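Shown next, in structure tokens, is the structure this report addresses.
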Amino acid sequence: MVPGTSPPVRKRMEWVIETIIRVLGFSAVGFVAMIFVFLLLEGIPAFVRVPLNNLFDSLWYPSLGLYGVLPLIIGSLLVTVVAMLIAFPLGIGTAVFVREIVPGWAREILKPLIEVLAGIPSVVLGFFGMITVAPIIRENLGAPTGLTAFTGSLLLAYMSLPTIITVAEDALDAVPRSYRDAGLAMGATQWQTIWRVVVPAARSGILMAVMLGMGRAIGETMAVLMVTGNAARIPDSLSDLFMPIRTMTATIAAEMGEVARGSTHYHVLFGVGLILFILTLAITLSAASVMFRRRTRGGLR
Amino acid sequence: MVPTHRRHAKGTRYLGFLCVWCLLVATLFFSLAGCRPPNDTAPATPPGTIEIKGSDTLVNLALAWVEGYQLVQPDVRISVTGGGSGTGIASMINGTVDIAASSRDMTSREFEAARAAGMDPVEFVVALDAIAIVVHLENPIEQLTIQQITDIYTGRITNWAELGSYDRPIVLVSRESNSGTYVYFLEHVLRRDPARADARFSPNSLLMPSSEGISTEVRQNRNAIGYDGLGYVTPDKKVVAVGLDPEGPFVLPSIETVRDGTYVISRPLHVYTTGEPVGEVREFLEWVLTDGQEMVRELGFVPLD
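Here is the structure:
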């Protein structure tokens, strides 16, 4: 459209539509900002009312006035990191398989199936974990109970897999065909081409896939509430992976209904939410910076 | 297409637009927050409806009462929600329910919060309940003293062999801290001895968000020990006899032993109202305390005399 050629009515319509779209676009930013302000307003009093040595202690007994959030933070991080250690090789392997190895018709079947995985409600997975996965872990891995950090990690890994696979697959897809041709022309086998040429070329996209999966895992609530046992203890050895743990999300979900508005416990729960928000934000921002770097370099190395 | 040279000018316009937008939304947000009446003492729900919320222990009983009451008073709509005693009391103080069901006494702090909101809560005892100690069916343990239960739940005894049972680690299963059962167990079992007034649950305790969670874990796990309201104990678990003295007597929970006081871990179940009840709420509670007591026995709780 060249300016000046359209009638004024049409121009006005254009302006109205543009404005509506702009408002919608900005409202997403606005809502995030408002949520952050709300979290700050409700969460900051926790850091004022509770002495810091109590707040960053290892005892979480809110009914007794002990608000040590350390076990909750470590619990969330442990469950998430282990989930990523499980999901990373599986997710990348699946993405490479779907993108590089299977024939086209099989890809058309596999891709929608993987996307269906993302649609399973987490409470269903949590129930499945409690009834089926927990007994397997208790009986086969020698843990005193099946409700452990590891059980939670398994479920979270499963839940973040669709995200990781989809994003990593897109990253592999963006690698130019000439790279594969060049690799094969140099005499490399298909495996060598994939592992030495295609995957390294897509590494920033793959990293972003893991970051997004991690963001999904750390914020997940229902499934971890149901299978991690919710014991607020600090794990101090590797075998504690097979002991119960309490995450930040599960704590907020389990306790928020109980608290009177404005009480110390209420503000501490918002403070925990604030810590969680900052952690998730850090993960998302680092994913975004990785994506930005990829865009400026055009995906080429 | 917009000519490219105009794009830079647009960038600054966006910024101005964003500022105005944020200001607008913030004004709306804070004016709405300011509008909320802080002390609303009017009835929480419209006439003809009663909202009950609170103790998970009381949920099934309250539902049975509602069903029974529908036959007598079909015009009154009553809804029941669980969530824990603390949740129910907090909702009552926040003005969203008429009746809070609680398996523990209201704390002095909660009374203060209620008075600050312009309420004068009234307590009714609607049934009696016993907390049963449950273990896996294959666990050979038959009886425990209060002292032993305390040692188990505070983490001093960590293996069943120390109690003369099989050689397995003990897994502690507890309710979440918003449960009235949790508070009752803490105050009347773990802290029963005045010398242990600061006893608390071992940090290794599994905190289950529901009675069903405790039930599942104790049924499946040979290492587990749990506690729950008598009405929730099913035959797929083993109930342990409890005594005060190591020499005995050890008593199993039942209607008779709770009523005559020989079973030591028993408690009254309450409901609270925001003030002296009137109208539909009053009629409903009167029915609960008379004809409603039949259902108490049917659901495994202990009716009032």
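One line per chain: the protein sequences are A and B, in this order.
Using our numbering, you'd call the opening residue of the first sequence number 190 and step up by one each time.
Using our numbering, you'd call the opening residue of the second sequence number 465 and step up by one each time.
Ideal Cβ positions, reconstructed from N, Cα and C, are used throughout, including at glycine.
Keep in mind the model is a prediction, meaning the values are calculated, not measured.
Assigned secondary structure, residue i (DSSP; H/G/I helix, E/B strand, else coil)
i, result
"residue 566 of chain B", "strand"
"residue 307 of chain A", "coil"
"residue 238 of chain A", "helix"
"residue 609 of chain B", "strand"
"residue 517 of chain B", "strand"
"residue 431 of chain A", "helix"
"residue 550 of chain B", "helix"
"residue 672 of chain B", "strand"
"residue 707 of chain B", "strand"
"residue 619 of chain B", "coil"
"residue 522 of chain B", "helix"
"residue 683 of chain B", "helix"
"residue 769 of chain B", "coil"
"residue 588 of chain B", "strand"
"residue 448 of chain A", "coil"
"residue 734 of chain B", "strand"
"residue 200 of chain A", "helix"
"residue 457 of chain A", "helix"
"residue 347 of chain A", "helix"
"residue 691 of chain B", "strand"
"residue 761 of chain B", "helix"
"residue 664 of chain B", "coil"
"residue 405 of chain A", "helix"
"residue 327 of chain A", "helix"
"residue 635 of chain B", "strand"
C-beta contact flag for residue i and residue j at 8 Å
i, j, result
"residue 568 of chain B", "residue 644 of chain B", "yes"
"residue 339 of chain A", "residue 277 of chain A", "no"
"residue 763 of chain B", "residue 528 of chain B", "yes"
"residue 269 of chain A", "residue 406 of chain A", "yes"
"residue 387 of chain A", "residue 356 of chain A", "no"
"residue 416 of chain A", "residue 341 of chain A", "yes"
"residue 232 of chain A", "residue 456 of chain A", "yes"
"residue 251 of chain A", "residue 641 of chain B", "yes"
"residue 727 of chain B", "residue 717 of chain B", "yes"
"residue 610 of chain B", "residue 708 of chain B", "yes"
"residue 626 of chain B", "residue 562 of chain B", "no"
"residue 606 of chain B", "residue 734 of chain B", "no"
Spatial distance of residue i from residue j (CA atoms)
i, j, result
"residue 275 of chain A", "residue 761 of chain B", "51 Å"
"residue 370 of chain A", "residue 273 of chain A", "32 Å"
"residue 384 of chain A", "residue 322 of chain A", "33 Å"
"residue 523 of chain B", "residue 602 of chain B", "30 Å"
"residue 334 of chain A", "residue 637 of chain B", "10 Å"
"residue 520 of chain B", "residue 534 of chain B", "22 Å"
"residue 436 of chain A", "residue 598 of chain B", "27 Å"
"residue 439 of chain A", "residue 290 of chain A", "40 Å"
"residue 263 of chain A", "residue 573 of chain B", "32 Å"
"residue 458 of chain A", "residue 753 of chain B", "38 Å"
"residue 328 of chain A", "residue 513 of chain B", "50 Å"
"residue 532 of chain B", "residue 541 of chain B", "12 Å"
"residue 768 of chain B", "residue 711 of chain B", "31 Å"
"residue 577 of chain B", "residue 271 of chain A", "43 Å"
"residue 222 of chain A", "residue 213 of chain A", "14 Å"
"residue 575 of chain B", "residue 552 of chain B", "13 Å"
"residue 441 of chain A", "residue 375 of chain A", "56 Å"
Counted within 10 angstroms of its Cβ, other Cβ atoms place residue i as buried (16 or more) or exposed
i, result
"residue 206 of chain A", "exposed"
"residue 590 of chain B", "buried"
"residue 755 of chain B", "exposed"
"residue 288 of chain A", "buried"
"residue 744 of chain B", "buried"
"residue 548 of chain B", "buried"
"residue 478 of chain A", "exposed"
"residue 737 of chain B", "buried"
"residue 505 of chain B", "Unreliable positioning characterises residue 505 of chain B in this predicted model, as indicated by a pLDDT of 42, which lies under 50. A coordinate reading is not provided."
"residue 595 of chain B", "buried"
"residue 393 of chain A", "buried"
"residue 200 of chain A", "exposed"
8 Å contact criterion, which residue i and residue j should meet: CB distance rounded
i, j, result
"residue 746 of chain B", "residue 593 of chain B", "That belief does not hold up - the Cβ atoms of residue 746 of chain B and residue 593 of chain B are roughly 24 Å apart, past 8 Å."
"residue 704 of chain B", "residue 608 of chain B", "5 Å"
"residue 617 of chain B", "residue 624 of chain B", "14 Å between Cβ atoms; not a contact."
"residue 565 of chain B", "residue 555 of chain B", "Actually they do not touch by this definition, with Cβ atoms about 10 Å apart."
"residue 443 of chain A", "residue 673 of chain B", "5 Å"
"residue 248 of chain A", "residue 255 of chain A", "4 Å"
"residue 660 of chain B", "residue 614 of chain B", "7 Å"
"residue 228 of chain A", "residue 463 of chain A", "5 Å"
"residue 351 of chain A", "residue 303 of chain A", "6 Å"
"residue 238 of chain A", "residue 473 of chain A", "Contact doesn't hold; Cβ gap of about 30 Å is too wide."
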